[in-house]
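For the record, the sequence lines run as chains G and U. Letter by letter, the first sequence follows residues 1 to 291 of this note's numbering. Letter by letter, the second sequence follows residues 292 to 808 of this note's numbering. The beta-carbon is built from N, C-alpha and C at its ideal position, and this holds for glycine as well. Since the structure is predicted, the reported quantities are computational estimates derived from the model, not experimental observations. Input: a single structure, listed below in structure tokens.
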Amino acid sequence: MAEVREYPAVWLQGGSCSGCVVSVLNAVSPNIRQLLVDPVVPGRHVSLRFQPTVMAGSGEVALSVLPGTEADKGFVLIVEGSIPTANPHYCMIGETGGHELSMLEKTCELASRALAVVCVGTCSSFGGIPAGAPNPTGSKGLRAVLAERGISVPVVNIPGCPPHPDWFVHTVASVLLNGLPGADALDDVGRPLEFYGRTIHEQCPRRPDFDAGKFAKKHRDSGCLYLVGCKGPVTYADCPTRMWNSGTNWCVGANGPCIGCVEPSFPDLLSPLYEKICEERLPRLACTTRS
Amino acid sequence: MRKIVIDPVTRIEGHLRIEVLLDGHEVKEAKSAGTLFRGFEIILRGRSPVDAQQLTQRVCGVCPIAHATASTFALDAAFGIGEKVPDNGRILRNLILGSNILQSHILHFYHLAALDYVDVAAAADYAGENDDLLAIRDFIARGQLGPFLPRYEGDYRLPKELNLKATADYAEALRIRRISHEMLSVFGGKMPHQCGIVPGGASNGPTASKIASFLGRLDTIRRFINDKYIPDVFAVAGAYADHFAIGAGCKRYLTYGNYDQAPSSAPLLGRNRLLAPGIYADGKVGKLDIAQITEAVTHSRFEGNGPLFPHHETTVPQPEKKGAYSWLKSPRYNDAVYEVGPLAAILVNYANGNPVVTSLVDSALSAAGLQAEALSSVMGRHLARALHAKITADAMFDWVGQLKPGEPHCAEWTIPAAGDGCGMVDAPRGAVAHWVKIREHKTANYQLVVPTTWNASPADDKDRPGPIEQALIGTKVKDPKNPFEVVRIVRSFDPCLACAVHLVTPKGEKLGEFRIA
């Protein structure tokens, strides 16, 4: 058997719905079985040590695999879900040796020692729906939390509610092959330009309808969905060309307007989801960060 | 007494902590606690009511469709259009919901529950030709076994060939559940978190190509359920037959039913469903009166003691409340503890003689050599879930044939200045209800009562433990260092904690404010 190098990864869940991990289970190539047990790129395997939704162990047995000591540094931290900051009890993630661990405390501790952090989904990237007004739990995206605490570690954001599995899996492959993405490979909110470089609107198959002024009056009609709330003009993602669920369909393909779920401004500045976007906000929406 | 804390309970959705006190080997006390709070109801207030269909799906990434369904039923009722939903729209909603129930049940048995019974390490010296098992063999040989190790050790009882078969089916089930999501996205756009279920019906209508695309996948999934899922449940049940005798719990069951056969604005009564709503307790089936639902917060991290009243605007989270141990509240029905989930749906419909259920359950019981009482157990829940999947897949096959391309799929609507609505349906994990109150065209209040709030609830105002807690109490734990029995009981309920934690939920008598038939 050829030599395979192991790359340990730890996946924590905070204020999440588990939709991100469920989306990653939908990965096609490599598929999730390959991702878990095979080398993702030749000679390099991601050893997913801690992932609460799929891991065999529970309780202390599960927590025992978390990198425990200061010297334990050779791992990538993956974070799903927002970080509630108003009170640690809003998200507790386990108990070990009689000590209860809060999401806030454990994430910061592990992030400070990790090689890099990958935020999966809009909640861990920017706060997402839990941080929606009035943000009852003081939820934030991880980058904002780390900045406040002066913790310096490379962070790659893979937002989306949920993200497309390719965006995560192919980012992992890229890191294994090429190392961490340089600043020129990420946009101003930490997203890989490869997936988030162009707006939905630029790539939309209904763009000719927009250009010809053929607008749907109800969001279940054919035609461009701009007037019924499509946020495609201010949303940076490749859904129209990548398509979802093994290329089966995507929101606009089912007459669903894009709701802008990959954006730092989701959901508040993009609401109401089914009403035409406020045009004077257009220039700044895409680069607005919640933090 | 010895205390075991299992935190986190993994292979469920969300953040669950279980504490049991052992006297010798027997569980004397049990505490089930939800440890995440997000405050969805507060976030929904003041937004456009139709946004609830999108936002409430994000309550749970495993069962978003149940929330999309309950919220659109509530919006249909509030908009006064429930009776106008065209047949195509009604059927497409059933197909989207059914697709996700299949996905969720398959995910639950293989990827969440099975590792408590199946020893993946059996593939270490595999010499056959199954690609998945060969890949797992090579993986084991490299010696980095996360996320499959470490784990509780000891009580793996399947013979080697069944371990290998179940491990191969675990890998195949990863593909099958993915195909279920593909099938859903044919009409739902994408998954998780679809956009196809909307007020008035469905966002897009059936076409020949969509029907064919849907049906091919349904056929694949249906074959898997019949040829792998159900036989694998029987195989595991055979080796762990004593698990038909543990984890019974409260033995009272409640279901909102599933799959509308006609359009309606009614929350429950007056809705004709393939699987009927109802309650089952003390050997008798009864009609469900939702005015009997109450909630306590005695041991929940919220101000007060409960029961709470709807629209109780002063209710606030109290993270460090004395005596509280959970973010879940304690829903009760008719002042008693009730379990929800596929087992409840099966038992209610078996007892009321629903022909879709009775012959299937009878043949399953006869094949397993069991009486119906044995279904109230760990293994009974797995069996009921598998039968629920089969009933769903078979019915979906018929519904696809009832779709009519070119005919309407959605009723017209506008957001009224004021309106109230309630939507109730069974999620993969059981009864879920949404209430919406619209004022000045906005959501003035939004409330959810969801399955795991019932099942994983803490003790109530009369100190009666919740269903999971009751299922644990009295259980003999053979090896307290490897408490298999505890996690098997908990996981048999398929807990979904992201759903379960909610702030404002209704007490019965005030439900009269909503549209109830």
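Terminal residues of the alpha helix (DSSP H) in which residue i lies
{"i": "SER125 of chain G", "result": "122 to 126"}
{"i": "MET103 of chain G", "result": "103 to 113"}
{"i": "LYS613 of chain U", "result": "First-last for LYS613 of chain U: undefined, no H or E at that position."}
{"i": "GLU594 of chain U", "result": "It is not in any alpha helix (DSSP H) - GLU594 of chain U carries neither H nor E in the DSSP assignment."}
{"i": "ASP626 of chain U", "result": "Per DSSP, ASP626 of chain U belongs to no alpha helix (DSSP H) and is neither H nor E."}
{"i": "THR360 of chain U", "result": "355 to 370"}
{"i": "ASP209 of chain G", "result": "207 to 211"}
Exposure label - residue i; buried when at least 16 CB within 10 Å
{"i": "ARG149 of chain G", "result": "exposed"}
{"i": "ASP298 of chain U", "result": "buried"}
{"i": "MET292 of chain U", "result": "exposed"}
{"i": "ASN178 of chain G", "result": "exposed"}
{"i": "GLN348 of chain U", "result": "buried"}
{"i": "ALA415 of chain U", "result": "exposed"}
{"i": "SER16 of chain G", "result": "buried"}
{"i": "SER339 of chain U", "result": "buried"}
{"i": "ASP166 of chain G", "result": "buried"}
{"i": "ARG5 of chain G", "result": "exposed"}
{"i": "VAL607 of chain U", "result": "exposed"}
{"i": "GLN693 of chain U", "result": "exposed"}
{"i": "PRO394 of chain U", "result": "It is Gln, not Pro, that sits at residue 394 of chain U in the sequence shown. Buried, because 16 or more other Cβ atoms sit within 10 Å of the Cβ of GLN394 of chain U."}
{"i": "ILE277 of chain G", "result": "buried"}
{"i": "LEU449 of chain U", "result": "buried"}
{"i": "ALA528 of chain U", "result": "buried"}
{"i": "LEU666 of chain U", "result": "buried"}
Residues near residue i in its chain [Cβ-Cβ closer than 7 Å; skip 5 each side]
{"i": "LEU270 of chain G", "result": "LYS231, ILE259, GLY260 and GLU263"}
{"i": "ALA405 of chain U", "result": "ALA457 and TYR461"}
{"i": "TRP11 of chain G", "result": "LEU48, PHE50, GLN51, ILE78 and GLU80"}
{"i": "GLY507 of chain U", "result": "none"}
{"i": "PRO8 of chain G", "result": "SER47, ARG49, GLY74 and PHE75"}
{"i": "MET243 of chain G", "result": "ASN249 and TRP250"}
{"i": "ASP407 of chain U", "result": "PHE775, VAL778, ARG779 and ARG782"}
{"i": "ASP770 of chain U", "result": "GLY445"}
{"i": "LEU763 of chain U", "result": "VAL311, VAL318, ALA321, VAL777 and ILE780"}
For residue i: DSSP bridge partner residues
{"i": "HIS99 of chain G", "result": "G:THR96"}
{"i": "ASN249 of chain G", "result": "G:TRP244"}
{"i": "CYS701 of chain U", "result": "U:GLY492"}
{"i": "VAL4 of chain G", "result": "Beta-bridge pairing links VAL4 of chain G to no other residue."}
{"i": "VAL117 of chain G", "result": "G:LEU77 and G:VAL155"}
{"i": "PHE215 of chain G", "result": "G:CYS224"}
{"i": "TRP726 of chain U", "result": "U:CYS713 and U:GLN738"}
{"i": "ARG428 of chain U", "result": "For ARG428 of chain U, which the question treats as bridged, DSSP gives no partner whatsoever."}
Residue span of the beta strand (DSSP E) that contains residue i, given as start and end
{"i": "GLU664 of chain U", "result": "It is not in any beta strand (DSSP E) - GLU664 of chain U carries neither H nor E in the DSSP assignment."}
{"i": "GLU80 of chain G", "result": "76 to 80"}
{"i": "ASN549 of chain U", "result": "549 to 551"}
{"i": "VAL21 of chain G", "result": "Counting along the chain, VAL21 of chain G falls outside any beta strand (DSSP E), though it belongs to the alpha helix (DSSP H) covering 19 to 25."}
{"i": "THR546 of chain U", "result": "543 to 546"}
{"i": "ALA314 of chain U", "result": "A quick correction: the sequence has Asp, not Ala, at residue 314 of chain U. That run of the beta strand (DSSP E) goes 307 to 314."}
Cutoff 6 Å; reference residue i; Cβ partners in own chain excluding five residues on either side
{"i": "LEU566 of chain U", "result": "GLY548, ASN549, ALA636 and ASN640"}
{"i": "GLU604 of chain U", "result": "Residue placement at GLU604 of chain U is flagged as unreliable, the pLDDT there being 36, under the threshold of 50; the coordinate-derived value follows with that caveat. Around GLU604 of chain U: no qualifying Cβ."}
{"i": "GLY487 of chain U", "result": "ILE387, PHE478, GLY479, GLY480, ALA493 and SER494"}
{"i": "THR363 of chain U", "result": "GLN344, ILE488 and PRO490"}
{"i": "ILE521 of chain U", "result": "ALA677"}
{"i": "GLY14 of chain G", "result": "GLY81, SER82, ILE83, CYS91 and MET103"}
8 Å CB neighbourhood of residue i in its chain, flanking five on each side removed
{"i": "ASN643 of chain U", "result": "ALA567, GLY569 and VAL576"}
{"i": "ARG469 of chain U", "result": "none"}
{"i": "HIS793 of chain U", "result": "With a pLDDT of 48 at HIS793 of chain U, under the threshold of 50, the predicted position of this residue should be treated as unreliable, and no value is reported."}
**OP:** Can you give me, in chain order, the residues of the segment 151 to 171 of chain G that have a beta carbon less than 8 Å from any beta carbon in chain U?
**Re:** Hits within the stretch, in order: CYS161 and PRO162.
Subject >> Interfacial residues, the segment 17 to 48 of chain G to chain U, with Cβ spacing under 9 Å >> reply: CYS17, SER18, GLY19, CYS20, VAL21, VAL22, SER23, LEU25, ASN26, ALA27, VAL28, ASN31, ILE32, ARG33, GLN34, LEU36, VAL37, ASP38, HIS45, SER47 and LEU48
Original post:
Listed from N- to C-terminal order along the chain, which residues in the segment 111 to 130 of chain G have their beta-carbon within a distance smaller than 7 Å of any beta-carbon of chain U?
Top reply: ILE129 and PRO130
Subject >> Under 7 Å (Cβ pairs) to chain G, residues found in the segment 322 to 339 of chain U >> reply: THR326, LEU327, PHE328, ARG329, GLY330, ILE333, ILE334, ARG338 and SER339
Subject >> Near-chain U residues of the segment 230 to 250 of chain G (beta-carbon distance less than 7 Å), N- to C-terminal order >> reply: TRP244, ASN245, SER246, THR248, ASN249 and TRP250
**OP:** Output, in sequence order along the chain, the residues in the segment 715 to 731 of chain U whose CB is closer than 8 Å to any CB in chain G.
**Re:** Under the 8 Å Cβ criterion, the segment 715 to 731 of chain U contributes no residue.
Subject >> Contact set between the segment 398 to 417 of chain U and chain G, restricted to residues whose Cβ is under 9 Å from the partner >> reply: Considering only beta carbons, the part of the segment 398 to 417 of chain U lying closer than 9 Å to chain G consists of LEU398, HIS402, LEU403, LEU406, ASP407 and VAL411, in chain order.
Subject >> Contact residues within the segment 61 to 95 of chain G, judged by C-beta distance below 9 Å to chain U >> reply: VAL61, ALA62, LEU63, SER64, VAL65, GLY81, SER82, PRO84, ALA86, ASN87, PRO88, HIS89, TYR90, CYS91, MET92, ILE93, GLY94 and GLU95
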